[in-house]
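Q: Below you will find the structure I want to go over with you.
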Amino acid sequence: MSFLDEFQANLESLPNILQKKYALLRDLDKSLQEIQRQNEQRCEQEIEDIKRGVKVGNITPDTSLIRFSDETLDEQKHSIRIADEKVALAVQAYDLVDAHIQQLDQYLKKFDEELRRERENAAATASPGSSVDGSAKSGRGGESGRGGRKKTRLATAAAEATTAATSANPTGMELDCPVDPNEPTYCFCQQVSYGEMVACDNPHCNIEWFHFGCVGLKEQPKGKWYCSECAALRTRRKGR
Numbered sequence: 001m002s003f004l005d006e007f008q009a010n011l012e013s014l015p016n017i018l019q020k021k022y023a024l025l026r027d028l029d030k031s032l033q034e035i036q037r038q039n040e041q042r043c044e045q046e047i048e049d050i051k052r053g054v055k056v057g058n059i060t061p062d063t064s065l066i067r068f069s070d071e072t073l074d075e076q077k078h079s080i081r082i083a084d085e086k087v088a089l090a091v092q093a094y095d096l097v098d099a100h101i102q103q104l105d106q107y108l109k110k111f112d113e114e115l116r117r118e119r120e121n122a123a124a125t126a127s128p129g130s131s132v133d134g135s136a137k138s139g140r141g142g143e144s145g146r147g148g149r150k151k152t153r154l155a156t157a158a159a160e161a162t163t164a165a166t167s168a169n170p171t172g173m174e175l176d177c178p179v180d181p182n183e184p185t186y187c188f189c190q191q192v193s194y195g196e197m198v199a200c201d202n203p204h205c206n207i208e209w210f211h212f213g214c215v216g217l218k219e220q221p222k223g224k225w226y227c228s229e230c231a232a233l234r235t236r237r238k239g240r
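Using UniProt numbering, the first residue of the sequence shown is number 1, and each one after it goes up by one.
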């Protein structure tokens, strides 16, 4: 089986695998929304009970002694576990697509090398005296396509970059595009920068930049915006 046949065989199973992961993500999201809804209702009810207790004198107004019930805290912990599982599934899907992109890069590089050898052999057969010049020109042509794109490990970005490189230099492109291990990562997902991103307005935020999709944004927020960790920290400080 050739490399291309093997790649096509692996690619055929990719949609089904991704579909199963996305279906599981949807189920987890529904469960998470239901738990969050129940938890919000429980918190609101417990806050009202605390207010009534303080008003009639059954509960001390000391905020350090007031806390939510164990059921409420367990629901919140369960929500965090489901959210972590969603992130893990998304990373698995991401890595799966990225692995296929790297396989395609290897195939295109091998195809380009074979095509270059055929051109050189044809040039040597047609004009033996100019074979050296032909090789030199071929080498410059391959160099001109080098660095045509910076791999971001995203399937859409890689597909667009490959299309652009093919139209610009269909026969002499260099496709050795390893992921830069020194490229900085951002957001809760710890991935490289891509798409639209938003910065946390806390100057001491440990992460600073976040992908829209990871924090549930569809457009740039108006005014100041804080990530969930910094927002929780600000809430705790105000409650003191």
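A virtual CB, placed ideally from N, CA and C, is assigned to each residue, including glycine.
(1) Quick check: PHE210 and CYS230, are their CB atoms within less than 8 Å of each other?
(2) Can you tell me which of PHE68, GLN102 and GLN76 puts its alpha carbon nearest to the alpha carbon of LEU11?
(3) Going by DSSP in three states, TYR94 sits in which element: helix, strand or coil?
(4) Note down, in chain order, each residue of its chain lying with its Cβ closer than 8 Å to the Cβ of GLU44, except the 5 sequence neighbours on either side.
(5) How would you write the range of the alpha helix (DSSP H) that GLY239 sits in, first residue to last?
(6) How should VAL88 be labelled, buried or exposed, when 16 other C-beta atoms within 10 angstroms of its C-beta is the threshold for buried?
(7) Taking one C-beta from the region 106-115 and one from the region 18-35 each time, how about it: are there three or more such pairs within less than 8 Å?
(8) According to DSSP, simplified to helix, strand and coil, what is GLN220?
(9) According to DSSP, is GLN8 helix, strand or coil?
(10) Where does residue 242 land, buried or exposed, given buried means 16+ other C-beta within 10 angstroms?
(11) Could you give the DSSP three-state label for TYR194: helix, strand or coil?
A: A quick look at the data gives this:
(1) It is not a contact, given that the beta carbons lie outside the stated cut-off.
(2) Comparing Cα positions, the closest option is GLN102.
(3) In this structure, TYR94 counts as helix in the three-state DSSP scheme.
(4) Only residues of its own chain outside the window of five on either side were considered, and among them none has a CB closer than 8 Å to the CB of GLU44.
(5) Note, GLY239: alpha helix (DSSP H), 228-239.
(6) For the sequence presented, residue 88 should be read as Ala rather than Val. Exposed is the call here.
(7) With a cut-off of 8 Å on Cβ pairs, the region 106-115 is not in contact with the region 18-35, counting fewer than three such pairs.
(8) Looking at GLN220 - three-state DSSP - the assignment turns out to be coil, as it is neither helix nor strand.
(9) In the structure shown, the three-state DSSP call for GLN8 is helix.
(10) This structure gives no information on residue 242, because the portion of the chain shown stretches from 1 to 240.
(11) When secondary structure is reduced to three states using DSSP, TYR194 falls in the coil class, being assigned neither helix nor strand.
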